[in-house]
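Enquirer: Numbering (the numbering used here), first residue to last: 374 to 677.
First the structure, which I've put down as structure tokens, then a few questions once you've had a look.
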């Protein structure tokens, strides 16, 4: 299971709302700096502006020029004005809005906590090399170079196999009959790929072929019927350690976060509400007659 909470994934809007919406969580600690503005009596803290400026411009607040600072401050004031109007209209009473506010708050808290956790546990070259070895061990060991002819019907695929048996050229048949627009113009050539890049029936069939051999029985996938020829194979060469070192650091950090969450789950008391399945209403027998309508409660005899 891959952990999807990641610091870089925090949206700018979520950062701004979390910093500026006073109903999103506990009261913000008092700032030691004067507010950058006051909107309808509500001060906007320097810290909130700094967070907003970083999210909007990817710059620190102190690095903004006068004009850009004014633009960023105007946008923050507009946000606060809009949020105040939303509060006046009691928008947060809507269950979905309330849920989004709560999730924004919890996402920000969790991401910030993971950021601190990772900062306190810097990765070493030993960690990176261990992750590199783990990734290399999980890589496919072989690449395939194959060509194929894709058709809609099994009968046509079998006819193509028969033509190949009589000496027909594979690439000529691919150009004439294959419905794969990505390879038919190249004689069915799919270039190099690893088994995990193809649907399983296709990759399983390729793995059983010898170089230069084609499938004597058509292979069915969700795309149609394939006649496949193996052109060549070669071992997969993993990228050098130094080339992927930065990416490995991200993977190590993701693994650390994942393991930390697992640790937290082991000590957490989690009670899930069981969702009861709704049983469908019993169907009426086919020969059941509809209830007869009762006559209106009318008095007998003629009325004058």
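Ideal Cβ placement from N, Cα and C applies to all residues, glycine included.
Predicted model only: the values in this text are computed from it and were never measured.
In three-state terms, what does DSSP make of residue 499?
Expert: Against the chain shown, residue 499 aligns to sequence position 126. The answer is helix: DSSP assigns residue 499 an H, G or I state.
Enquirer: Just list the beta strand (DSSP E) runs in the stretch 500 to 527, keeping only unbroken ones of 3 residues or longer that don't cross its boundaries, in chain order.
Expert: 515 to 524
Enquirer: Would you mind listing the beta strand (DSSP E) stretches within the stretch 561 to 603 that are 3+ residues and don't spill past its ends, in chain order?
Expert: DSSP runs (the beta strand (DSSP E)) wholly in the stretch 561 to 603: 562 to 567, 592 to 594.
Enquirer: DSSP three-state label for residue 472, please.
Expert: The residue you call residue 472 lines up with position 99 of the chain shown. It is helical.
Enquirer: State the start and end residues of the unbroken beta strand (DSSP E) segment that holds residue 641.
Expert: Locating residue 641 in the chain shown gives position 268, where the first residue counts as 1. Boundaries for residue 641: no beta strand (DSSP E) harbours it, and the DSSP string shows neither H nor E there.
Enquirer: For residue 567 versus residue 516, is the C-beta distance shorter than 8 Å?
Expert: Along the chain shown, read from residue 1 onward, the residue named residue 567 stands at position 194. Along the chain shown, read from residue 1 onward, the residue named residue 516 stands at position 143. In contact: residue 567 and residue 516 (Cβ atoms closer than 8 Å).
Enquirer: I want to know whether the stretch 473 to 489 touches the stretch 592 to 608 - three or more CB-CB distances under 8 Å.
Expert: no
Enquirer: Thinking just about the alpha-carbon of each residue, which of 422, 630, 469, 427 is nearest to the one in residue 495?
Expert: Your numbering for residue 495 matches position 122 in the chain shown. Nearest of 422, 630, 469, 427 to residue 495, Cα basis: 630.
Enquirer: Could you pull out every residue in the same chain whose Cβ sits closer than 6 Å to the Cβ of residue 491, ignoring the five residues on either side in sequence?
Expert: By 1-based counting over the chain shown, the position of residue 491 is 118. So the qualifying residues of the chain are 626.
Enquirer: Does DSSP put residue 648 in a helix, a strand or coil?
Expert: By one-based count along the chain shown, residue 648 stands at place 275. The answer is coil: DSSP assigns residue 648 none of H, G, I, E or B.
Enquirer: What residue range does the alpha helix (DSSP H) around residue 416 cover?
Expert: Here residue 416 refers to the residue found at position 43 when the chain shown is read from its first residue. First-last for residue 416: 415 to 417, but that is the beta strand (DSSP E), not the alpha helix (DSSP H).
Enquirer: Identify, in the order they occur along the chain, each residue of the same chain with its Cβ nearer than 7 Å to the Cβ of residue 674, setting aside the five sequence neighbours on each side.
Expert: Position 301 of the chain shown, counting from 1, holds the residue named residue 674. Here the model assigns residue 674 a pLDDT of 41, short of 50, so the residue's position is not dependable and the matter cannot be decided.
Enquirer: For residue 487, which residues of its own chain have a beta-carbon under 6 Å away from its beta-carbon, when the five flanking residues on both sides are left out?
Expert: Start at 1 with the first residue of the chain shown, and residue 487 comes out as number 114. Only 630 meet the Cβ criterion.
Enquirer: Which partner residues does residue 606 have in the DSSP bridge list?
Expert: The sequence position of residue 606 within the chain shown is 233, counting from 1. Paired residue(s): 517.
Enquirer: Grab the span of the alpha helix (DSSP H) containing residue 330 for me, first residue to last.
Expert: The structure shown has nothing for residue 330, since the chain only spans 374 to 677.
Enquirer: First and last residue of the beta strand (DSSP E) that includes residue 410?
Expert: Against the chain shown, residue 410 aligns to sequence position 37. Unbroken beta strand (DSSP E) run through residue 410: 410 to 412.
Enquirer: With a cut-off of 8 Å, does the C-beta of residue 508 fall near any C-beta of chain B?
Expert: Within the model displayed, chain B is absent; a lone protein chain is all it includes.
Enquirer: Reducing DSSP to helix, strand and coil, say where residue 432 ends up.
Expert: By one-based count along the chain shown, residue 432 stands at place 59. Reduced to three states, the DSSP call for residue 432 is coil.
Enquirer: Is the CB-CB distance between residue 421 and residue 437 below 8 Å?
Expert: The sequence position of residue 421 within the chain shown is 48, counting from 1. The sequence position of residue 437 within the chain shown is 64, counting from 1. Not in contact: residue 421 and residue 437 (Cβ atoms no closer than 8 Å).
Enquirer: Any contact of the stretch 588 to 601 with the stretch 532 to 539, i.e. 3+ C-beta pairs under 8 Å?
Expert: yes
Enquirer: So for residue 533, helix, strand or coil by DSSP?
Expert: Sequence index remark: in the chain shown, residue 533 carries index 160 (1-based). Taken through DSSP and simplified to helix, strand or coil, residue 533 comes out as helix.
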